[in-house]
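Heads up: the structure comes next, in structure tokens.
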Amino acid sequence: MKKKIVIANWKLNGNKNFVKEFIHNINSENQKFFKNTKVIIAPPIIYIKYMSKKIHNKKISFASQNVDYNYQGAFTGEISPNMINEIGAKYIILGHSERRKNHFENNLLIAKKFFSVKKNKLIPILCIGETQEEKEKNLTKNIIQKQIDEIFLHCGNNAFHNTFIAYEPIWSIGTGENASPDDVNKIMKFIKNYIIKKSLYKKINLNLQYGGSVSPNNIKRIIEKKYIDGVLVGSGSLQYKNFLKIIQKCNV
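Heads up, this note's numbering is the position in the sequence shown plus 11, with the first residue counted as 1.
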């Protein structure tokens, strides 16, 4: 049975006390709750090294919420893939809708970051999805194709091997409004088939995550779908008891 994957994106949240309490809670849990679940945590980057040393559960990995595609130089405030590697993170979230909107990241910039991440043997978690306006115009598949095609164009036909894709319908993030699990499953099937069709190799290690107001109330209906390998959880990952419920319900 393929393990379900739960990715926690803390965004710009947390402090020293919050991190210490989270570590204590995780270390206190019976590891059987994680038997069939892989957990990836993306806290603010300054906490990754500390958390990776203090958390005893070996089933938990860490991700950076961002990266620069440059390796070194006069790029004030940025952090490179090799630096992220050194602090204990294995994964990097790319193309999150908030970075696209607030930091004006376009498909080309995200593709450059994707290439840099792959070159440094890290694993990208690529976020893709449509806005409310694009959804209403029935452009969901067109938008997803453009986001995927830029990666292929910049990184080659085998770009998506050993990659996570998080489909996040932007209109559902933080709104409590969810795409139906059936609709999400159809989109995931489209994404997988589209990538396989364009890839050099037809068997690729591709994990498909759903990110859009995930909670303990809807997680079961989401992960039971054939093409959904796990979830990307935002604000729901900050409340430990709720986050643990999500993990437990994925541990099927």
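C-beta: ideal position from N, C-alpha, C; glycine also.
Item, Value
"Would a C-beta distance cut-off of 7 angstroms place I18 and I51 closer than the cut-off?", "yes"
"Thinking G241 and E179 are a contact (beta carbons under 8 angstroms), I'd like their distance in whole angstroms, please.", "G241 to E179, Cβ: 13 angstroms. No contact."
"Pull the bridge partners of Y102 from the DSSP assignment, please.", "A74, I134"
"My output table needs one value for Q220: the three-state DSSP class, helix, strand or coil.", "strand"
"What did DSSP end up calling A53 once you bin it into helix, strand or coil?", "strand"
"Would you mind sorting Q220 into buried or exposed? The rule is 16 or more other CB atoms within 10 Å of its CB.", "buried"
"Using the Cα positions of S39 and K69, report the straight-line distance between them to the nearest angstrom.", "13 angstroms"
"From what residue to what residue does the alpha helix (DSSP H) around Y178 run?", "No alpha helix (DSSP H) contains Y178, which is instead part of the beta strand (DSSP E) from 174-178."
"Relative to the C-alpha of V225, which candidate in K260, Y238, S75 has its C-alpha closest?", "K260"
"What would DSSP say about N262, mapped onto helix, strand or coil?", "coil"
"Does the Cβ-Cβ distance between I103 and P55 come in under 7 angstroms?", "no"
"Quick one: grab the DSSP three-state call for N41.", "coil"
"Whose C-beta lies closer than 8 angstroms to the C-beta of F44 among residues of the same chain, with five residues either side of it excluded?", "L255, I258, Q259, N262"
"Let's test the definition: count the other Cβ atoms within 10 Å of the Cβ of T174 and tell me whether it reaches 16, buried, or not, exposed.", "buried"
"What is the DSSP secondary structure of L255, reduced to helix, strand or coil?", "helix"
"Do you know offhand how far S210's Cα is from D193's?", "26 angstroms"
"Would E235 be called buried (16 or more neighbouring beta carbons within 10 Å of its own) or exposed?", "exposed"
"Counting only the same chain and skipping the five closest in sequence on each side, list residues whose C-beta sits under 7 angstroms from that of A100.", "I59, F73, A74, S75"
"Taking the straight line between their C-alpha atoms, what separation do you get for N229 and F86?", "42 angstroms"
"Using CA atoms only, rank isn't needed, just tell me which of K123, Q156, K22, K130 is closest to H165.", "K123"
"Rounded to the nearest angstrom, what separates P227 and I16 at their Cα positions?", "15 angstroms"
"Taking the straight line between their C-alpha atoms, what separation do you get for S191 and S91?", "37 angstroms"
"Alpha carbon to alpha carbon, how far is H107 from N41?", "32 angstroms"
"Considering only their Cβ atoms, is the gap separating N118 from Q143 smaller than 7 angstroms?", "no"
"Could you round the C-beta distance between I207 and I215 to whole angstroms and report it? I think they count as a contact, below 8 angstroms.", "7 angstroms"
"DSSP puts I154 in a beta bridge; with which residues?", "None, per the DSSP bridge assignment."
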